[in-house]
Amino acid sequence: MPAELAAPMDEMTAEPPARRPAPAPSTATTTTKPTGLGRIPKKWKWTGEAFIDVEEGRAQRLCNVVLSDMTEPLPTGLRFSVCLSSADSIRFGKLHDVADLYMIARACGQVQQFVKFGPSEGSDTDAFNTLAIHLRSERSFTYARLSVDGVEAALMVVFPPFIKELSRLLKVPEIMIDAPMIGALLQWELTRQEFEDARWFKLNSDETTRPSLHPEVKALVDEKFAKNSTVNRALRILNVSKSLFKFLSTTSRPYCIWYSPADGQSGESAGMETAALRTVLAAFKAEDMGYKTDVRIAFVHIGALKSLSKLPALAERRNKQSDLRFYTYGTHESVPPERWGVHEIYPLGGIVTFTPSAILNNIIAVYELIKRIAEHPLWECYILPSVVAMLAKLTCQDQNPLALFDRGEFVFSDLLELIEEGKISLLRSPPLTRCPKGGEDPAAKWTSWQTELLRMDARGLLESSIALAAEQYSSVQPHALPEAIQTEIVRDLMGMQMQPTLMDAYRRFVVIKGKGDKHLGEDRDGIECTTVTTFDFKDDWFKN
Numbered sequence: 001m002p003a004e005l006a007a008p009m010d011e012m013t014a015e016p017p018a019r020r021p022a023p024a025p026s027t028a029t030t031t032t033k034p035t036g037l038g039r040i041p042k043k044w045k046w047t048g049e050a051f052i053d054v055e056e057g058r059a060q061r062l063c064n065v066v067l068s069d070m071t072e073p074l075p076t077g078l079r080f081s082v083c084l085s086s087a088d089s090i091r092f093g094k095l096h097d098v099a100d101l102y103m104i105a106r107a108c109g110q111v112q113q114f115v116k117f118g119p120s121e122g123s124d125t126d127a128f129n130t131l132a133i134h135l136r137s138e139r140s141f142t143y144a145r146l147s148v149d150g151v152e153a154a155l156m157v158v159f160p161p162f163i164k165e166l167s168r169l170l171k172v173p174e175i176m177i178d179a180p181m182i183g184a185l186l187q188w189e190l191t192r193q194e195f196e197d198a199r200w201f202k203l204n205s206d207e208t209t210r211p212s213l214h215p216e217v218k219a220l221v222d223e224k225f226a227k228n229s230t231v232n233r234a235l236r237i238l239n240v241s242k243s244l245f246k247f248l249s250t251t252s253r254p255y256c257i258w259y260s261p262a263d264g265q266s267g268e269s270a271g272m273e274t275a276a277l278r279t280v281l282a283a284f285k286a287e288d289m290g291y292k293t294d295v296r297i298a299f300v301h302i303g304a305l306k307s308l309s310k311l312p313a314l315a316e317r318r319n320k321q322s323d324l325r326f327y328t329y330g331t332h333e334s335v336p337p338e339r340w341g342v343h344e345i346y347p348l349g350g351i352v353t354f355t356p357s358a359i360l361n362n363i364i365a366v367y368e369l370i371k372r373i374a375e376h377p378l379w380e381c382y383i384l385p386s387v388v389a390m391l392a393k394l395t396c397q398d399q400n401p402l403a404l405f406d407r408g409e410f411v412f413s414d415l416l417e418l419i420e421e422g423k424i425s426l427l428r429s430p431p432l433t434r435c436p437k438g439g440e441d442p443a444a445k446w447t448s449w450q451t452e453l454l455r456m457d458a459r460g461l462l463e464s465s466i467a468l469a470a471e472q473y474s475s476v477q478p479h480a481l482p483e484a485i486q487t488e489i490v491r492d493l494m495g496m497q498m499q500p501t502l503m504d505a506y507r508r509f510v511v512i513k514g515k516g517d518k519h520l521g522e523d524r525d526g527i528e529c530t531t532v533t534t535f536d537f538k539d540d541w542f543k544n
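Using this note's numbering, the first residue of the sequence shown is number 1, and each one after it goes up by one.
Printed below as a string of structure tokens:
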């Protein structure tokens, strides 16, 4: 087997093929003359020559091969008999690593048919077996492009049945396991016309969303993994940063990966990007410790951030493990392209908010903590409008809070002054939705509200908070208000830890609770629940 057959996948083939379907067949595709379906024999068989690419623009004859015992096609699906009805040869491309099929599969629909692929005569057996053994030992596959009526329509992916990962990914039926090799018919997800109609979409992807390795990272990769094409490819798929590369190079790092449901389901085969990440980590001899053990690195697929709050002991890890690093990786349609790739998140510091009970129980200590947070360069704090309104409700009894404020008798005037001075923000988490719903853009509405708050004095802040809370909780019974506000606080902090700007700058998300806050009895959903007396910055900022 020539060494060229195992050449690594070049940069052009590394992207999903469906994004760039080939033009009408050339020397590299199987040609088919226009033909009607006709009557397909019950035991269809195809025999012809097989060629395989050994270098750019040049193929080498392998042997004569036979395709037989194909499975039933999908209803109205494509068939081998249609694709090969007028062909007398098949030309395969280079050999590809198993991980490459994840990219190809994303560009194709469901497997249309399987077929047994073997040597035609006894004289063809040696050459055929050489290819099969090489594919098995290298855990590789190859494919041929198939055309219908002069237009490329599908791929025929060929591999030995012993490569379990490929069989599992393509869902090969048991009747195929005794085949010398297996052929799988994968139809393109997009037709040529659909691709041409969507060509405008490609303009933004090639140059702006497919980053190349940083020159310094490329130099490190060439030095450490020059001869490992699989690791090289995985590093480029992920666009690994220089800081992560050096961090992994220093010593073995125990890690965990949170990827469900964005890149596969937990407990099942992960997607292509997670498989690439595991390839890189294995090359650095890092060890996957799962979710129940302390690790040094936690990787989060960018599309799985919304479920990260379910990671066991997330709040405790961020609080107590200062050496634990978090990185996002991968791509996802729900996330802006500028967030794709490898990025460190949750580095230092944190965001703090307060419950009404926490302020009522120890108002002086809370005010002191607010002032200390304002002095700390890595921490910020805020309070929800509903919390301000609840404080007014609990302390003003049946009197008008605004009238009390005007007379200088409002208990929490100092809190309003702290808001007015900018030491604590009156805030709700910005909406994560990027697109308008029902004709109204929630992000624009939020920005408008925040702009209005900036122009308000202490009295205006109190009046606005009461009005917002009255509208928000108009249908909630008075006895249910405390728990409803606690639930809102947790939900709001969960939104805060999903904000790109905040996750890039802050690590911990903390709610200061009071003794009566039963809904906040323990850490939950990535949120730390603590009291004003037990809160700890976990640094030496105020010890100097």
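C-beta atoms are modelled at their ideal positions from N, C-alpha and C, and glycine is treated no differently.
Please determine, among the options, the residue with the shortest C-alpha to C-alpha distance to residue i.
i: Tyr291; options: Ala467, Lys423 and Val300; result: Val300
i: Met496; options: Leu78, Arg296, Pro431 and Thr251; result: Pro431
i: Arg491; options: Cys381, Ser429 and Pro173; result: Ser429
i: Ile373; options: Ile351, Arg145 and Gln113; result: Ile351
i: Glu49; options: Ile383, Val532 and Ala144; result: Ala144
i: Pro336; options: Thr501, Asp517, Val111 and Ala154; result: Thr501
i: Lys518; options: Met503, Leu481 and Phe537; result: Leu481
i: Glu174; options: Ala219, Gly150 and Val115; result: Val115
i: Ala313; options: Val295, Gly303 and Ala304; result: Val295
i: Arg106; options: Phe410, Met456 and Trp188; result: Trp188
i: Ala469; options: Arg524, Thr451, Leu155 and Ala389; result: Ala389
i: Met456; options: Ser474, Ala443, Gly422 and Glu483; result: Gly422
i: Cys381; options: Gly271, Tyr506 and Leu190; result: Tyr506
Residues in its own chain within less than 7 angstroms of residue i by CB, not counting five upstream and five downstream?
i: Ala59; result: Phe51, Ile52, Asp53 and Arg91
i: Leu281; result: Tyr255
i: Ile297; result: Arg253, Tyr255, Arg325 and Tyr327
i: Leu277; result: Leu238, Ile257, Phe299 and Tyr329
i: Phe159; result: Leu135, Phe141, Leu166, Met181 and Ile182
i: Ile163; result: Val98, Arg136 and Arg139
i: Val476; result: Ala484
i: Gly514; result: Thr355, Ser357, Ala358, Leu360 and Asn361
i: Asp525; result: Ser309, Val490 and Met494
Spatial neighbours of residue i within its chain, please: CB distance less than 8 angstroms, with the 5 preceding and 5 following residues excluded, ordered by chain position.
i: Val342; result: Leu238, Asn239, Val240, Ser241, Leu244, Tyr327, Thr328 and Tyr329
i: Gln499; result: Ser429, Pro430 and Leu432
i: Ile512; result: Val352, Thr353, Phe354, Thr355, Ala358, Val366, Leu369, Thr530, Thr531, Val532 and Phe535
i: Glu121; result: Asn64
i: Ser89; result: Thr30, Gly48, Glu49, Ala50 and Phe51
Alpha carbon to alpha carbon, how far is residue j from residue i? Give it in angstroms, no decimals.
i: Val148; j: Ser86; result: 10 angstroms
i: Arg61; j: Gly93; result: 12 angstroms
i: Gln399; j: Arg317; result: 45 angstroms
i: Ala28; j: Asn64; result: Its pLDDT being 39, under 50, Ala28 is placed unreliably in this model, and the value from its coordinates should be taken loosely. If I take the Cα positions, the gap works out to 18 angstroms.
i: Tyr367; j: Asp414; result: 8 angstroms
i: Asp540; j: Phe247; result: 25 angstroms
i: Val401; j: Leu520; result: Checking the displayed sequence, the identity of residue 401 turns out to be Pro instead of Val. Rounded to whole angstroms, Pro401 to Leu520 spans 28 angstroms at the Cα level.
i: Cys529; j: Leu404; result: 32 angstroms
i: Leu462; j: Asn319; result: 33 angstroms
i: Thr331; j: Leu384; result: 33 angstroms
i: Phe537; j: Lys371; result: 13 angstroms
i: Val172; j: Thr279; result: 24 angstroms
Consult DSSP for residue i and reduce its assignment to one of helix, strand or coil.
i: Tyr346; result: coil
i: Pro312; result: coil
i: Ala59; result: strand
i: Lys513; result: coil
i: Arg278; result: helix
i: Ile90; result: strand
i: Lys403; result: First, the residue type needs correcting, since residue 403 is Ala and not Lys in the sequence shown. Note: Ala403 maps to helix in three-state DSSP.
i: Thr71; result: coil
i: Val335; result: coil
i: Met181; result: strand
i: Glu152; result: strand
i: Asp288; result: strand
i: Leu146; result: strand
i: Trp188; result: strand
i: Val157; result: strand
i: Asn204; result: Note that Asn204 scores 47 on pLDDT, short of 50, meaning its location in the model is unreliable; the coordinates nonetheless yield the value given after this. Here Asn204 sits in helix by DSSP.
i: Val241; result: Here residue 241 turns out to be Ser, not Val, going by the sequence shown. Ser241: coil per DSSP, three-state reduction.
i: Thr530; result: strand
Ignore the nearest five residues each way along the sequence and tell me which others in residue i's own chain have a CB closer than 6 angstroms to its CB.
i: Ala283; result: Val231
i: Glu420; result: Ala458
i: Glu344; result: Tyr327
i: Lys285; result: Ser252
i: Phe542; result: none
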